[in-house]
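In what follows, a single structure is set out as structure tokens and then discussed.
Number of protein chains: 2
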Amino acid sequence: MVHQHDESTANEVRTTSQPPYDPSQEPFMYKVGYPPQKNLAREFADTFRETFFHDNPLRQYKDQSGSTKFMIGLQFLFPIFEWGRNYNLSKFKGDVIAGLTIASLCIPQDIGYSKLANLDPQYGLYSSFVPPLIYATMGSSKDIAIGPVAVVSLLIGSLLQNEVDPVKNKEEYMRLAFTATFFAGITQAALGFLRLGFLIEFLSHAAIVGFMGGAAITIALQQLKYVLGIKSFTKKTDIISVMHSVWSSVHHGWNWQTIVIGISFLAFLLFAKYIGKKNKKFFWVPAIAPITSVILATLFVYLTRADKQGVQIVNHIKKGINPSSVHKIYFSGPFVAKGFKIGVVCGMVGLTEAVAIGRTFAALKDYQLDGNKEMVALGTMNIAGSMTSCYVATGSFSRSAVNFMAGCQTPVSNVIMSTVVLLTLLVITPLFKYTPNAILGSIIISAVISLVDYEAAILIWKVDKMDFIACMGAFFGVVFASVEIGLLIAVSISFAKILLQVTRPRTVLLGNLPGTTIYRNTDQYPEARHVPGVVIVRVDSAIYFSNSNYVRERILRWLRDEEDKTNTEGPSKINFLIIEMSPVIDIDTSGIHALEDLYKNLQKRDIQLILANPGSIVMEKLHSSKFTEHIGSNNIFLTVSEAVRFCSRKSMQEP
Amino acid sequence: MVHQHDESTANEVRTTSQPPYDPSQEPFMYKVGYPPQKNLAREFADTFRETFFHDNPLRQYKDQSGSTKFMIGLQFLFPIFEWGRNYNLSKFKGDVIAGLTIASLCIPQDIGYSKLANLDPQYGLYSSFVPPLIYATMGSSKDIAIGPVAVVSLLIGSLLQNEVDPVKNKEEYMRLAFTATFFAGITQAALGFLRLGFLIEFLSHAAIVGFMGGAAITIALQQLKYVLGIKSFTKKTDIISVMHSVWSSVHHGWNWQTIVIGISFLAFLLFAKYIGKKNKKFFWVPAIAPITSVILATLFVYLTRADKQGVQIVNHIKKGINPSSVHKIYFSGPFVAKGFKIGVVCGMVGLTEAVAIGRTFAALKDYQLDGNKEMVALGTMNIAGSMTSCYVATGSFSRSAVNFMAGCQTPVSNVIMSTVVLLTLLVITPLFKYTPNAILGSIIISAVISLVDYEAAILIWKVDKMDFIACMGAFFGVVFASVEIGLLIAVSISFAKILLQVTRPRTVLLGNLPGTTIYRNTDQYPEARHVPGVVIVRVDSAIYFSNSNYVRERILRWLRDEEDKTNTEGPSKINFLIIEMSPVIDIDTSGIHALEDLYKNLQKRDIQLILANPGSIVMEKLHSSKFTEHIGSNNIFLTVSEAVRFCSRKSMQEP
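Protein chains in written order, with my numbering: chain A, 1 to 655; chain B, 656 to 1310.
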């Protein structure tokens, strides 16, 4: 059967100044290239480097003397030696202002967050003293503000209370908390040290948005206990239990004085936030609003003795700096495994948050952040923290944003904050005695509310519906079930998406854009024309065991569909199947088996299989498995248009 | 800075018969297409269909009357109604011969395999009676031979004895075995019914080769117990424990009569195998060799009363057909969870084996096999089996190959085999009394030895070193640790490979093949030339949360490398970065963030970002996230060569 092959399809419309000639007679100019042979060790080394050291951290060590190398190594581990040398007074001024601002923000937050973790208030302050100091020497982000954060506090609190009762077995609970913190640090440092930092990237952006939003709602709901002055409150965190608690206590559990304090200061804080958002110049208004509210509310309670009216107050915060907790960490017994598990989860979540924050601000100020190095710094700081009565600390988004806007220059702002916290611990903790819990609740609500990033959710909805499902799954999982379940949903959906991507890769039918040698997806370009007698399929993925059967079957289905179409349209028969392989970055033995099956199947139907533009790795593998000999290496072409030209020439020869 | 852009790079050498003209002034002919807008429901439906129903199983129902639809549905569930209608005597003849051959092979194997599962011999025979009958009505493979297989028997045996002692608590052990079989069937049927069959494709070919080879070695080692006549043998399956057992019993544990029988018949069986392999006509020699050996050895022992000399014999096989075991399945209590776990593992491994076999023979005879339908058939057969005293059955590779070579036509050969097993159970089991265990050991060794597919391993080594590591990991895991650990290693390495693929996608630098408009990987095509002032990078993967940071950093590194190169070579500056997006099948919000970060970063360095040929889905998402507006939609081109043409035109305008 002769089929009419339109010659112009094989031509490029943008001609050169060369004389016209008959293109169908011209020899093919380039052969598909083989890559230069690599030996085994080289190949392994390359893969290894690309996986773990793609950022080439040793680049600057090249061609340096021994002492310089040592200095660079020291600077690598302790960036303080790098930025410290150029430190000056003007930078210090920026850091002092930023440090004082975030300190005023962190003190009330710390006290509140330690309640989320079911710990006494001083532990929150402890965690804002030691970890920031360590981070300042080792961390490479200039903007991140270190300390306890809401989501991790909630997470560690709810994971710990699944194991130990925080009221009845207070001592055991605290020991487990330090154990978990220790293992969180070990996890973080190990991931960084082993350069496995990319593992945290398996939590998709969408899942994080959902999880954070859900956690924020949950945390805000927990604060109703303090803002409404409810005495007996559920230990569960899901919205149904919490609302039930709130509702059942409406008649005799609420305290109107507490409500007045809580609501009015919440309004004040939200208003301050609004002002800060309206005009960037007033960023300091929401930053100092919390400490102002604490001072005002404490004074108010102290003067009116409202605590006698049932307004709950902080009462006692232990004075003095962090005691050692080395002896409290479990290194044997059944609690080790539990602490390890909780630590790994909290460590990963903490990392995800800190690295995301670090990257955001690094991008804004245009400096590079080595994720793995950052993890070592965060891990070391948490290990040290676990030995000095701290619980898991990480980068706080709200405080980092304030730090940034207040004009921080280096991690010295963390040192300033830490110093203020130290003074607080040494001198003024007794002054917090009359601070009402309600004001802490209000501060936390106003802090976490901005974690509900509805704008991001809307964008996700617009861009990718599957991502939106992941986002909502995580959100509702946290809100209606628990933090752990939300996290589990987030991770599962993220993984499912990856797995789906590798099992069901896209294959598209290509057509010729009239007047060019360009072949494009016929769905995207409706003007693209099918070449008679030829089916051209592009496979948009590596062909691996996970998708080889699908790819083979899908290609056959494209062929069948096209055959059905030509049957109804006319008598022309499909003679050639061209697989455009450009996007096929790799193939494994299963993939080659699939191609071989396809080849055999096509042979029976008298259809010739042609490959266009296989990449170097693929060519090498096809060659070593003898598949190229099988189909004939002249059936492999550099481009689709050359392959089509070959087909049309061939079908003219054999009518 | 003017850079010298060689005009011919933007031209295609294969010209048309049109007159020459200046290509750099010509307008661009095509714009990058947007796909036709789909509404939400349509989009979901498409993704859903492509994921679960890519083979379009409902295709044949289209445009049919009600009764035809019912008939097609019936034929779909029970393919027997399809092939049964064309069944004839000549097909029956083929099936009878094949059925008798595999029956003679399966009876001795069944007795041996049930020992691997720590069950009495009759259970192996039971499992070759009911399941094949059910499969014959529901299965769509024409060649597969159903029954107990070595690897699954070993697996279920070692998993079960971790939970219950097979000697001390025989009854409990058996009940747990039926429970596991029940759940294996449920798992298989559910996977098929929910069309989740693709889940079994996450075990890579390489991992399966290694796992099977390791299991074969382990099984062969276990048979030393019978072949050497050792009385006290370890329960562990790793090679070190087994060799230790063998060695420590060398002086008074071995029985020379047993060894003589075992070794001589093993030699006979291997010789028969060799003949069958040499000449395909003699395929029946290895097929009937086992039953011949059994008969000869049994006669020999009976006549010489060698059992009095310490030759261990089968002794007693219970006569009669399968008793019901419905009441023995645990539906409550702690054993349910254990049975479920074991069942899921055995069910998945069984499926993997059966589907691989089915596909192999379907490809040989050129018919399509619906994997999901096959799973429903296998699942149903195991559920029925669990109620009739069978343990997990699946497709056996060795028997299926014999079935195929003996000329089976339809699943009727399974029915014939099943009938022979039935007769055996009813009539001749007492004759097996004097069958020496040694001969069963020899039969199993000769059966499993071909599972050690060293040729496949060599091919894997040649094609993909990473795959080879997976293969060897699984192999040594099974041989030196245990079946479960080997399986775990196989699954983990398979997953790790997938995850690696999605976190570290390939990016390559493109160059122009002189005299064409083709741009190719400069590594693969050393003749490809860099375009001055332009860096062209191709990203060979979807850009997702799991790789967005890597992709961004890697592109910047390509740019940096090129800048370093041009700095040493000459004064020309990089002005354009072209990202060839053809292989980028999808992008999510994280990916768009990465592109935006990249864009901002490049803007600061005064480098223009240009995209070439984004696909339809990517275009849609870039559009809905406003990224196209951001970079300007005239910076998106249909091909790299058009983008390069644009760059050269632009840099000529702005010297």
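Beta carbons: idealized from backbone N, C-alpha and C, even for Gly.
- Collapsing the DSSP output to three states places ILE636 of chain A in a strand.
- In the DSSP assignment, the residues bridged to PHE576 of chain A are A:VAL534, A:GLN608.
- Chain-order list of chain B residues neighbouring ILE460 of chain A: THR1244, by C-beta distance under 7 Å.
- For GLU563 of chain A, the closest Cβ of chain B is not nearer than 8 Å.
- Counting C-beta atoms within 10 angstroms of its own C-beta, ALA496 of chain A has fewer than 16 neighbours from the protein chains shown and is therefore classed as exposed.
- Taking C-beta atoms as the reference points, PRO763 of chain B and PRO941 of chain B fail to come closer than 8 Å.
- ARG960 of chain B carries a coil assignment under DSSP once its states are collapsed to helix, strand and coil.
- Per DSSP, the unbroken beta strand (DSSP E) holding ARG1175 of chain B starts and ends at 1174–1176.
- With contacts defined by Cβ atoms closer than 8 Å, ASN414 of chain A and ILE146 of chain A form a contacting pair.
- For THR424 of chain A, the nearest beta carbon of chain B is not closer than 8 Å to its own beta carbon.
- Proximity to SER114 of chain A across A:LYS91, A:TYR87, A:ILE610, A:VAL149 peaks at A:VAL149, based on C-alpha coordinates.
- By the neighbour-count criterion, in which 16 or more other beta carbons inside 10 Å mark a residue as buried, HIS899 of chain B falls on the exposed side.
- Chain-ordered listing is empty here: chain B has no CB closer than 7 Å to the CB of ARG305 of chain A, the nearest sitting near 53 Å.
- Here PHE837 of chain B really is in contact with ILE984 of chain B; their C-beta atoms are around 5 Å apart, less than 8 Å.
- The C-beta of GLN188 of chain A has 16 or more other C-beta atoms within 10 Å across all chains shown, which makes the residue buried.
- Scanning chain B for C-beta atoms nearer than 9 Å to the C-beta of LYS465 of chain A yields LEU695, GLU698, PHE699, THR702, reported in chain order.
- Residues of the region 1188–1209 of chain B with a C-beta atom less than 9 Å from some C-beta of chain A are ARG1193, ASP1195, SER1196, ALA1197, TYR1199, PHE1200, SER1201, ASN1202, SER1203, ASN1204, TYR1205, GLU1208, ARG1209, listed in chain order.
- With at least 16 other beta carbons inside 10 angstroms of its own, ILE443 of chain A counts as buried.
- Counting along the chain, the unbroken alpha helix (DSSP H) around VAL1273 of chain B starts and ends at 1271–1279.
- Here the region 120–129 of chain A makes contact with the region 417–426 of chain A; the two share three or more CB pairs at distances below 8 Å.
- ALA772 of chain B is positioned such that its CB atom lies no closer than 8 Å to that of VAL1067 of chain B.
- Within the DSSP secondary-structure output, ASN512 of chain A pairs in a beta bridge with A:TYR519, A:ARG529.
- If you draw a 10 Å sphere on the C-beta of GLU455 of chain A, you find fewer than 16 other C-beta atoms in it, and that means exposed.
- The beta-bridge partner set that DSSP reports for VAL1194 of chain B consists of B:THR1162.
- Taking a beta-carbon distance threshold of 8 Å, LYS1020 of chain B does not count as an interface residue toward chain A.
- For the region 841–874 of chain B, residues whose beta-carbon sits nearer than 7 Å to a beta-carbon of chain A comprise PHE853, GLU856, PHE857, SER859, HIS860, ALA861.
- Against chain A, the CB of ASN1167 of chain B has no partner CB under 8 Å away; the residue lies outside that interface.
- Each of A:THR435, A:ARG557, A:ARG175 was checked against the Cα of HIS316 of chain A, and the nearest Cα belongs to A:THR435.
- Judged by DSSP secondary structure, CYS106 of chain A falls within the alpha helix (DSSP H) whose first and last residues are 89–116.
- Taking each of A:ASP586, A:ILE587, A:LEU595 in turn and checking the Cα distance to ILE578 of chain A, the smallest one comes out for A:LEU595.
- Nearest C-alpha to GLY124 of chain A among A:VAL326, A:PHE178, A:ARG85: A:PHE178.
- For SER1280 of chain B, the nearest beta carbon of chain A is closer than 8 Å to its own beta carbon.
- Its Cα nearest to that of ASP95 of chain A, the residue A:CYS408 stands out among A:HIS327, A:GLU642, A:MET174, A:CYS408.
- Counted as a single uninterrupted DSSP element, the alpha helix (DSSP H) harbouring ILE186 of chain A occupies residues 170–193.
- Scanning its chain for C-beta atoms nearer than 7 Å, with the 5 sequence neighbours on each side dropped, one finds around ILE855 of chain B the residues MET1003, LEU1006, THR1007, VAL1010, in chain order.
- Following the DSSP letters along the chain, one finds LYS993 of chain B inside the alpha helix (DSSP H) bounded by residues 989–1020.
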